[in-house]
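Numbering (this note's numbering), first residue to last: 353 to 473.
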């Protein structure tokens with residue numbers, strides 16, 4: 353079986369992306385020496401890499417096929433309020449129910465969707 357080693361998020365504006373993933377989602381910058389081509393973020397899992405691309409995404413979330421970045425959080429209600437307060441592009445009015453708990457989704461400045469999940473199991 354292959355090992356998940358790197359998650360690459362293509363972003364059309366590296367400066368906006370770094371602000372979103374650090375200030376909004378709480379990741380740290382591990383290495384920005386190759387910016388704006390790419391920036392490595394600190395993660396407790398696989399390497400999270402922001403990579404420069406030409407255009408923003410046009411995700412058809414939640415109906416279209418796509419790969420989602422899912423982050424575990426402790427309190428979905430608190431996170432929803434925090435993200436709204438800082439002006440993040442929150443895609444749900446209230447937490448959504450899923451088999452493992454509750455979640456909300458937020459779009460990054462390039463249109464990539466990140467789901468934040470409060471696990472109840």
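All residues carry an ideal CB built from backbone N, CA and C; glycine is no exception. Remember, it's a predicted structure, so these values are computed and weren't measured experimentally.
- Here residue 360 has 401 and 403 as same chain residues with Cβ atoms under 6 Å from its own Cβ, once five neighbours each way along the sequence are excluded.
- Residue 470 places its beta carbon less than 8 Å from that of residue 426.
- 468 is the residue among 468, 449, 382 and 430 whose C-alpha sits nearest the C-alpha of residue 459.
- Put simply, the backbone Cα of residue 438 is about 38 Å away from that of residue 354.
- The secondary-structure analysis by DSSP pairs residue 422 across a beta bridge with 467.
- Measuring C-alpha to C-alpha distances from residue 412 to each of 380, 457, 393 and 399 identifies 457 as the nearest.
- Considering only 424, 366 and 473, the residue with the shortest C-alpha distance to residue 390 is 366.
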